[in-house]
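Residue numbers (the numbering used here): 11 to 254.
Step one of this worksheet: look at the structure below.
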């Protein structure tokens, strides 16, 4: 099966997003980046309905390892694309519209949606997914954490390392829809990393998943639900490692 979304497709989508973001250019640089991410996410959800899609976009200096950027594809035994990382980076003036002033880097990760399986009714837990927000990383490495919030409820996303009661990284959402809280770099300590999300001061329900690209690049994905609609996209944390 051919790759459903490629490096060239990402470049074309970034051009469309740059032109679309002129509508908010007067609101500042962050408004432009947020508008581009929202535009790209909406387009990709429509283009790739069979995949879970995550979009990250940043300006120079990037929070990503640009030295080894390339398309990375994972297929199953039948040759179907089950996971892919597509990246692009360009200097100021390469993209049009509101993005022309930036050196922009973008990463699109998309993963095959899990096939629904019948389950017996059970009490709704406060955690969910494969890992309940807990990930095992190699010890003493730097990893990135990017946080996004999409809820009218004030949210806090905290990242804890090992058994330290103090969070190694904290992201505070002020009840703003579609807000990118940016990326922080954290050391993995002994390797146990836990993500906790609260909304209005109460623990959110969490679903989480760890994926890899060729056992070389790893992502920890966390989606949280504040109790409003059950869509698990109110708070999102993306862990990525290794860096450099």
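We put the CB at the ideal spot given by N, CA and C, even for glycine.
Please read all numbers here as calculations on a predicted model, not as lab measurements.
DSSP-derived helix/strand/coil call for residue i
i, result
"residue 202", "strand"
"residue 255", "Residue 255 lies beyond the stretch modelled for the chain, which goes from 11 to 254, so this question has no answer here."
"residue 143", "coil"
"residue 115", "strand"
"residue 29", "helix"
"residue 43", "helix"
"residue 191", "strand"
"residue 197", "strand"
"residue 92", "strand"
"residue 37", "helix"
8 Å contact criterion, which residue i and residue j should meet: CB distance rounded
i, j, result
"residue 208", "residue 166", "5 Å"
"residue 153", "residue 196", "6 Å"
"residue 328", "residue 106", "Given a span of 11 to 254 for the chain in the structure shown, any question on residue 328 remains unanswerable."
"residue 143", "residue 218", "5 Å"
"residue 257", "residue 101", "Residue 257 cannot be examined here, being either before or after the span of the chain that is shown, 11 to 254."
"residue 94", "residue 82", "7 Å"
"residue 145", "residue 253", "Wrong, their Cβ atoms sit about 15 Å apart, outside the cutoff."
"residue 55", "residue 118", "Not confirmed; about 12 Å, so no contact."
Sheet register partners of residue i (DSSP bridge)
i, result
"residue 61", "122"
"residue 242", "Looking at the DSSP assignment, residue 242 forms no beta bridge with any residue, so it has no partner."
"residue 66", "117"
"residue 164", "184"
"residue 173", "DSSP, once it has assigned bridges, lists no residue as partnering residue 173."
Cβ neighbours of residue i in the same chain (closer than 7 Å, five flanking residues each side left out)
i, result
"residue 34", "41, 42, 45"
"residue 70", "113"
"residue 132", "Its pLDDT being 49, under 50, residue 132 is placed unreliably by the model, and the measurement read from it follows with that caveat. Excluding residues within five positions, none has a Cβ falling inside 7 Å."
"residue 53", "23"
Euclidean distance between Cα positions of residue i and residue j
i, j, result
"residue 27", "residue 116", "12 Å"
"residue 244", "residue 160", "5 Å"
"residue 168", "residue 96", "27 Å"
"residue 164", "residue 220", "26 Å"
"residue 225", "residue 51", "26 Å"
"residue 198", "residue 150", "5 Å"
"residue 17", "residue 201", "33 Å"
"residue 239", "residue 188", "16 Å"
"residue 176", "residue 170", "7 Å"
"residue 155", "residue 88", "33 Å"
"residue 246", "residue 231", "7 Å"
"residue 60", "residue 29", "27 Å"
"residue 172", "residue 203", "6 Å"
Beta-carbon contacts of residue i that lie in its chain and below 6 Å, excluding the five residues immediately before and after
i, result
"residue 228", "222, 251"
"residue 62", "121, 123"
"residue 92", "84, 86, 122"
"residue 181", "157, 167, 191"
"residue 57", "none"
"residue 162", "185"
"residue 210", "163"
Chain B within 8 Å of residue i, Cβ atoms only
i, result
"residue 27", "Looking at the structure shown, chain B is missing, and only one protein chain is on hand."
Residues near residue i in its chain [Cβ-Cβ closer than 8 Å; skip 5 each side]
i, result
"residue 179", "155, 168, 169, 194, 196"
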